[in-house]
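There are 2 protein chains.
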Amino acid sequence: MGGRKIRNMEEFAAVSGISRPTVSKYFNDPASVRATTRQRIEAALEDYDYRPNIFAVNQNRRLTKNIGIVVPYLADPFFAEIARNLERRCIDAGFSPILFSSHGVTDYETDILEALRALKPAGVLLAPLGRSSDKKALEAFCRDVPTVLFDSYIKDLGEAFVGHNNAQATALICEYLCRTGAPPCFFEMRTPTNPNAIRRRQTYCDVMEGLGHEPRLVQVEGESWDFEEVGYQEGKRVISENLLPTDTVLCSNDRLAIGFLSAAYETGRHVGRGANCALRVAGHDNHPFSKYTSPPLTTISQDYTAIAHQSVATLFDVIESGSTENQQTQKLFDGQLIMRESA
Amino acid sequence: MGGRKIRNMEEFAAVSGISRPTVSKYFNDPASVRATTRQRIEAALEDYDYRPNIFAVNQNRRLTKNIGIVVPYLADPFFAEIARNLERRCIDAGFSPILFSSHGVTDYETDILEALRALKPAGVLLAPLGRSSDKKALEAFCRDVPTVLFDSYIKDLGEAFVGHNNAQATALICEYLCRTGAPPCFFEMRTPTNPNAIRRRQTYCDVMEGLGHEPRLVQVEGESWDFEEVGYQEGKRVISENLLPTDTVLCSNDRLAIGFLSAAYETGRHVGRGANCALRVAGHDNHPFSKYTSPPLTTISQDYTAIAHQSVATLFDVIESGSTENQQTQKLFDGQLIMRESA
DNA sequence: AACAAAAATTTACGCGCGTAAAGTTTTTCG
DNA sequence: CGAAAAACTTTACGCGCGTAAATTTTTGTT
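These protein sequence lines are chains S and X, in that order. Every letter in the first sequence is one number past the one before it in numbering that gives the first Met the number 0, and letter 22, counting from 1, is 21. Every letter in the second sequence is one number past the one before it in numbering that gives the first Met the number 0, and letter 241, counting from 1, is 240.
This is how it looks when you write it as structure tokens:
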């Protein structure tokens with residue numbers, strides 16, 4: 000262990016008995032040097048811990064090993080979980096993920112992309128804010144940097160999109176709710192920030208009509224990403240003012256549902272399937288906390304392991320092929336019904 | 000707008016009519032050049048958008064403008080929120096925060112510090128894993144990089160510690176619970192990962208004895224960071240097996256409490272202060288979701304705005320003074336009682 | 001053993017910028 | 001107005017590494 004300290008690749012090459020260009024080659028791809036050479040380098044590496052200066056490396060490579068991960072709202076555990084998945088897969092593949100959250104603010108998202116550009120990333124995994132994104136800025140960014148979109152679909156943006164099959168999933172829970180009780184109304188924000196929400200609403204309407212029920216939208220105000228608060232405040236209002244057209248409420252997402260459950264509790268409405276229950280409430284996403292609400296929330300899961308895996312795999316494909324030519328691909332993963340006690 | 004594209008500082012200096020060394024000086028500190036010069040540079044900046052190559056800059060500066068932010072578990076919205084605060088304050092001060100999560104894994108934490116070293120950060124804001132941290136690795140890191148610890152206190156580590164006043168806060172809620180009903184038992188994990196938990200237990204015991212009650216610890220198994228699940232599973236067990244010594248349960252933190260509330264619901268125990276209630280449950284932290292549980296969770300808030308502010312301010316002090324000499328400082332912020340319906 | 005192919009070495013330049021030194025211009029102020 | 005001080009310009013070097021070209025060594029095959 001430990002001779003003197005190594006200051007740069009020159010010195011490390013000296014102590015390992017290999018020339019600097021070959022050492023450089025090794026660090027860029029260990030398999031590109033002869034086995035015996037590789038062993039000598041790795042032996043020296045044990046004695047002298049040396050790591051190439053990341054700034055010098057990145058300055059001279061046209062592209063770095065950085066991968067940007069951008070999510071719209073990290074305080075949402077759903078995004079935290081998916082970010083964790085993405086992060087790990089990037090690391091395992093030898094890349095350096097860098098995590099950013101737009102915190103629901105358009106300007107932050109734009110700034111992040113700007114900063115990301117300067118990092119010369121090999122690729123970016125981007126979950127955009129959605130409706131409030133600066134489309135022009137996103138387009139310009141995607142033209143310069145290989146980008147895979149996930150979660151929120153935006154037309155003609157990025158090399159590929161990976162997401163949740165909102166249509167399949169929403170149909171699934173609509174049919175379940177209709178089959179097991181009163182047809183649901185759809186509780187949502189009037190002007191949703193997220194394309195998923197729009198798709199869910201549309202599917203809800205289609206399925207209800209297909210089953211011969213009238214779609215009933217309960218659209219509430221709210222612009223922020225503080226969905227629980229919206230669900231709670233507006234939930235209280237619609238419950239206490241008797242604005243709910245049915246006793247079954249399908250919320251556009253779990254976070255709204257979590258707030259709504261809180262409202263139901265406060266206004267004394269029992270939620271569940273039991274005889275003494277006044278309401279059934281369902282959500283969408285299988286949010287990490289939906290398991291622990293009272294009652295536990297019936298919902299539809301997003302297969303975020305698959306989404307994470309596919310997003311990263313797709314990005315690596317794009318990076319390796321270096322192509323921006325081929326058709327934009329789309330991949331959606333089906334949701335599963337998570338039956339709990341709330342509906 | 001837009002003449003030709005600027006490739007480097009040389010070219011930008013040319014079009015702005017200023018020499019490159021002066022331009023370099025400007026970017027390092029705009030106030031260090033004459034006002035007329037500054038205006039000429041900024042005028043050129045409007046026409047030619049140019050930004051210094053971040054890698055070249057960082058290679059040549061001994062320290063960068065990077066600030067590392069490390070939290071133990073980002074899927075916990077509490078940490079997501081505090082990270083957001085820290086991030087913003089760093090940006091506003093002209094630094095580049097880089098966010099990392101240890102995801103509850105010791106090796107990840109160590110790896111993060113290793114990676115952080117390579118980024119030559121001006122400073123680091125570190126919330127360690129706690130008990131499971133690799134102390135040696137942390138010490139070595141703090142010796143090399145100006146580091147302010149927050150959330151989890153570890154003795155003799157870092158330039159300063161900023162955190163929550165667990166003693167004051169726990170005393171506050173213990174007294175409240177004793178004053179308004181049966182003295183609480185203390186529900187916690189037997190071998191908590193977090194120093195805060197140990198402090199809370201200790202204070203609970205002290206306060207109870209001070210008030211003439213016998214401290215009653217309900218210690219459950221569980222090693223993971225999946226606190227809700229532990230609270231839920233073990234909550235079910237202690238409730239159904241009648242292992243609770245009193246009908247008032249003070250949980251070591253809100254995430255445990257959230258799981259416990261779910262367990263109480265499932266086992267049919269009403270929670271709250273009302274006559275028909277079988278249990279009172281309180282938490283600690285004012286977790287973002289504690290407001291939306293059923294019933295809403297009575298808890299103690301952490302003043303994380305203040306903690307974030309103080310952490311960043313302290314780090315900047317250390318960076319500016321460049322000192323590692325002076326005494327390690329500690330700053331704790333008091334918690335506030337958040338009275339809701341669960342207790 | 002001979003020889004072509006593969007791999008390593010030597011040499012050299014460039015990336016974009018920080019920064020020092022010496023000389024020149026501009027500003028400040030008595 | 002004149003001199004000192006401040007700010008700027010010119011010139012030059014260094015940071016640590018990627019990478020190309022030419023040369024030498026090693027490898028594997030017949």
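The beta carbon of each residue, even a glycine, is placed where N, CA and C say it ideally should be.
Would residue i pass as a contact of residue j if the rule is Cβ separation under 8 Å?
{"i": "S:His212", "j": "S:Gln301", "result": "no"}
{"i": "X:Ile153", "j": "X:Pro120", "result": "no"}
{"i": "X:Phe185", "j": "X:Leu249", "result": "yes"}
{"i": "S:Leu296", "j": "S:Asp253", "result": "yes"}
{"i": "S:Ser289", "j": "S:Thr266", "result": "no"}
{"i": "S:Val270", "j": "S:Pro244", "result": "no"}
{"i": "X:Arg268", "j": "X:Ala342", "result": "no"}
{"i": "X:Gly234", "j": "X:Ala274", "result": "no"}
{"i": "S:Ile97", "j": "S:Ile68", "result": "yes"}
{"i": "S:Leu176", "j": "S:Thr247", "result": "yes"}
{"i": "S:Tyr291", "j": "X:Glu227", "result": "yes"}
{"i": "S:Val237", "j": "S:Met188", "result": "no"}
{"i": "S:Tyr203", "j": "S:Pro214", "result": "yes"}
Could you work out which residue in the options is closest to residue i when comparing CA atoms only?
{"i": "X:Ala43", "options": "X:Val14, X:Ser18 and X:Lys64", "result": "X:Val14"}
{"i": "S:Ile172", "options": "S:Ala159, S:Lys235, S:Arg199 and S:Pro295", "result": "S:Arg199"}
{"i": "X:Asn84", "options": "X:Ala312, X:Glu340 and X:Leu331", "result": "X:Ala312"}
{"i": "S:Ala82", "options": "S:Ala170, S:Glu319, S:Gly267 and S:Phe149", "result": "S:Phe149"}
{"i": "S:Phe315", "options": "S:Ala34, S:Asp91 and S:Asp28", "result": "S:Asp91"}
{"i": "X:Asp46", "options": "X:Ala12, X:Glu319, X:Pro96 and X:Val69", "result": "X:Ala12"}
{"i": "X:Thr192", "options": "X:Cys177, X:Thr169 and X:Ser251", "result": "X:Ser251"}
{"i": "S:Ile257", "options": "X:Leu242, X:Pro287 and X:Val206", "result": "X:Pro287"}
{"i": "X:Gly122", "options": "X:Leu115, X:Thr146 and X:Thr292", "result": "X:Thr146"}
{"i": "X:Ile282", "options": "X:Ile68, X:Thr169, X:Asp143 and X:Thr36", "result": "Note that residue 282 of chain X is Gly in the sequence shown, not Ile. For the residues X:Ile68, X:Thr169, X:Asp143 and X:Thr36, the minimum Cα distance to X:Gly282 belongs to X:Thr169."}
{"i": "X:Pro127", "options": "X:Asp143, X:Phe160 and X:Ser95", "result": "X:Phe160"}
{"i": "X:Glu138", "options": "X:Leu118, X:Asp155, X:Arg116 and X:Thr179", "result": "X:Asp155"}
{"i": "S:Ser358", "options": "S:Leu118, S:Leu115, S:Ala114 and S:Ser151", "result": "The structure shown has nothing for residue 358 of chain S, since chain S only spans 0 to 342."}
Whole angstroms are fine: how far does the CA of residue j sit from the CA of residue i?
{"i": "S:Ile306", "j": "S:Glu80", "result": "12 Å"}
{"i": "X:Glu10", "j": "X:Asn59", "result": "19 Å"}
{"i": "X:Asp28", "j": "S:Ser310", "result": "41 Å"}
{"i": "S:Leu124", "j": "X:Gln218", "result": "42 Å"}
{"i": "X:Gly321", "j": "X:Arg61", "result": "13 Å"}
{"i": "S:Lys134", "j": "S:Val70", "result": "16 Å"}
{"i": "S:Lys24", "j": "X:Gln201", "result": "57 Å"}
{"i": "S:Arg33", "j": "X:Cys141", "result": "39 Å"}
{"i": "X:Ile111", "j": "S:Lys64", "result": "16 Å"}
{"i": "X:Pro195", "j": "X:Trp224", "result": "First, the amino acid is wrong: residue 195 of chain X is Asn here, not Pro. Rounded to the nearest angstrom, the two C-alpha atoms are 14 Å apart."}
{"i": "X:Leu331", "j": "S:Cys276", "result": "46 Å"}
{"i": "S:Tyr107", "j": "X:Ile197", "result": "38 Å"}
{"i": "X:Val317", "j": "X:Val144", "result": "11 Å"}
{"i": "X:Thr35", "j": "S:Gly103", "result": "39 Å"}
{"i": "S:Ile40", "j": "X:Val56", "result": "30 Å"}
{"i": "X:Leu255", "j": "X:Phe78", "result": "16 Å"}
{"i": "X:Ile5", "j": "X:Tyr49", "result": "6 Å"}
{"i": "S:Ser18", "j": "S:Met8", "result": "9 Å"}
{"i": "S:Phe26", "j": "X:Gly334", "result": "50 Å"}
{"i": "X:Pro76", "j": "S:Leu242", "result": "32 Å"}
{"i": "S:Gln167", "j": "S:Arg339", "result": "19 Å"}
{"i": "X:Glu86", "j": "X:Thr179", "result": "40 Å"}
According to DSSP, simplified to helix, strand and coil, what is residue i?
{"i": "S:Gly67", "result": "strand"}
{"i": "S:Asp106", "result": "helix"}
{"i": "X:Ser18", "result": "coil"}
{"i": "S:Asp48", "result": "coil"}
{"i": "X:Ile153", "result": "coil"}
{"i": "X:Asp205", "result": "helix"}
{"i": "S:Phe99", "result": "strand"}
{"i": "S:Val56", "result": "helix"}
Pull up the DSSP beta-bridge partners for residue i, would you.
{"i": "S:Arg279", "result": "S:Thr247"}
{"i": "X:His163", "result": "X:Phe332"}
{"i": "X:Gly122", "result": "X:Ile66"}
{"i": "S:Leu148", "result": "S:Leu125 and S:Phe160"}
{"i": "S:Ile337", "result": "S:Thr298"}
{"i": "S:Glu187", "result": "S:Gln218"}
{"i": "S:Val311", "result": "Note: S:Val311 sits in no beta bridge, so no partner."}
{"i": "S:Val270", "result": "S:Leu278"}
{"i": "X:Asp284", "result": "X:Ser300"}
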